[in-house]
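*Asks:* In the working numbering, the protein residues as written are 2 to 275.
We treat Cβ as the ideally placed atom computed from N, Cα and C, and that holds for glycine.
Quick one: the structure is below, questions incoming.
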């Protein structure tokens, strides 16, 4: 794990945003080849978000909306990304954020916005070291609803449920196992749990893998739906991930975003419960 202030060269947009914002490291949004080249030589070009002057917050985003489930953080990322556009946001109004919440937000805000960096008052490590911008926008419950309205398509039948974009934590996997225990994924529906190989090994040891696979679920390690060759395989996706919805639409899928419980129930029923 990088240290605060450390210069790194990462690819994958949500990981870059997490590194810059949640960890406080410094990286541009690299491509795979440039990140690999940096690994070979131990250097990366000194420009962009490696420089102090390019890390200054530019718009104050005041959040006045309850966030009660993981997908709400994806909806918030959509709203912040759209309102901040190409500016670095400084976010206030968030009272509490768990690591999974921040992970979901990072993936969404950079998918629907432009800058892989944000500040969140009282949460991200550099938030007290910068000034809150005077230019202010507000996000309320209507903006969260608008995000869901734009991400969710008009579709009832679901044939693909995927959670883990970004990768599921062991906490999320334990919740999936608890919800799906004793149930069966509907015939002609696939349930994927995307996570890292290391987290999967921990799930194996704790018995979560057996429960999920007994229900008909599958694990996809070290990859996710955003990069998987899925075009033509499925018609409609249910997920907790706003980023997953964005990329699945590029694979000609209809999308539904909701809570972990709503997604697992869709895998069992083959339908989205509106």
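Could you round the C-beta distance between residue 28 and residue 61 to whole angstroms and report it? I think they count as a contact, below 8 Å.
*Replies:* Incorrect: roughly 24 Å between the Cβ atoms, too far for contact.
*Asks:* Do you know offhand how far residue 132's Cα is from residue 159's?
*Replies:* Distance between the alpha carbons of residue 132 and residue 159: 46 Å.
*Asks:* Are the CB atoms of residue 243 and residue 78 nearer to each other than 8 Å?
*Replies:* Yes, they are a contact pair.
*Asks:* Taking the C-alpha atoms as reference points, what is the distance between residue 50 and residue 37?
*Replies:* Rounded to the nearest angstrom, the two C-alpha atoms are 18 Å apart.
*Asks:* According to the neighbour-count rule (16 or more other Cβ atoms, all chains shown, within 10 Å of its Cβ), is residue 47 buried or exposed?
*Replies:* Exposed, because fewer than 16 other Cβ atoms sit within 10 Å of the Cβ of residue 47.
*Asks:* Are at least three pairs of beta-carbons, each pair with one atom in the segment 246–262 and one in the segment 201–217, less than 8 Å apart?
*Replies:* Segments in contact, no.
*Asks:* For residue 64 versus residue 95, is the C-beta spacing smaller than 8 Å?
*Replies:* A contact, by the Cβ cut-off of 8 Å.
*Asks:* Closer than 8 Å is the cut-off here; do at least three beta carbon pairs connect the segment 169–176 with the segment 142–152?
*Replies:* The answer is no - the segment 142–152 does not touch the segment 169–176, with fewer than three Cβ pairs under 8 Å.
*Asks:* Does the Cβ of residue 119 have 16 or more other Cβ atoms within 10 Å, making it buried, or fewer, making it exposed?
*Replies:* Buried, since its Cβ has 16 or more Cβ neighbours within 10 Å.
*Asks:* What residue range is occupied by the uninterrupted alpha helix (DSSP H) comprising residue 34?
*Replies:* Counting along the chain, the alpha helix (DSSP H) containing residue 34 begins and ends at 33–42.
*Asks:* Taking buried to mean at least 16 other C-beta atoms within 10 Å of its own C-beta, is residue 198 buried or exposed?
*Replies:* Classification for residue 198: exposed.
*Asks:* Do the segment 146–153 and the segment 66–80 touch if we need at least three Cβ pairs shorter than 8 Å?
*Replies:* These segments touch.
*Asks:* Quick one: Cα of residue 117 to Cα of residue 213, how far?
*Replies:* Each residue's Cα considered, the two are about 34 Å apart.
*Asks:* Starting from residue 250, trace the beta strand (DSSP E) both ways and give me its first and last residue.
*Replies:* Unbroken run through residue 250 is the alpha helix (DSSP H), 243–251; no beta strand (DSSP E).
*Asks:* One question on the structure: do residue 268 and residue 201 come within less than 8 Å of each other, judged by their Cβ atoms?
*Replies:* Contact flag unset, no.
*Asks:* In the DSSP assignment, what residue or residues form a beta bridge with residue 7?
*Replies:* Answer by DSSP bridge pairing: none, since residue 7 is not bridged.
*Asks:* Measuring CB to CB, does residue 89 end up less than 8 Å from residue 110?
*Replies:* Not in contact: residue 89 and residue 110 (Cβ atoms no closer than 8 Å).
*Asks:* I'd like to check one pair, residue 226 with residue 253: are the Cβ atoms closer than 8 Å?
*Replies:* In this structure, residue 226 does not lie closer than 8 Å to residue 253 by Cβ.
*Asks:* Would residue 257 and residue 156 qualify as a contact pair, given that the criterion is a beta-carbon distance under 8 Å?
*Replies:* Result yes, Cβ atoms of residue 257 and residue 156 sit closer than 8 Å.
*Asks:* In angstroms, rounded to a whole number, what distance separates the CA positions of residue 83 and residue 246?
*Replies:* If you take the alpha carbons of residue 83 and residue 246, they lie about 16 Å apart.
*Asks:* Which residue from 184, 123, 20, 100 puts its Cα closest to that of residue 8?
*Replies:* Residue 8 has its Cα closest to that of 20, out of 184, 123, 20, 100.
*Asks:* Does DSSP put residue 198 in a helix, in a strand, or in coil?
*Replies:* Residue state, collapsed to three classes: helix.
*Asks:* With the cut-off set at 8 Å, would you say residue 33 and residue 12 are in Cβ contact?
*Replies:* In this structure, residue 12 lies closer than 8 Å to residue 33 by Cβ.
*Asks:* For my contact list, residue 59 and residue 136 are in at a C-beta cut-off of 8 Å; report their separation, rounded to the angstrom.
*Replies:* Indeed, because the Cβ distance is near 7 Å, the residues count as touching under 8 Å.
*Asks:* CA-CA distance, residue 219 and residue 130?
*Replies:* Those two C-alpha atoms are separated by around 44 Å.
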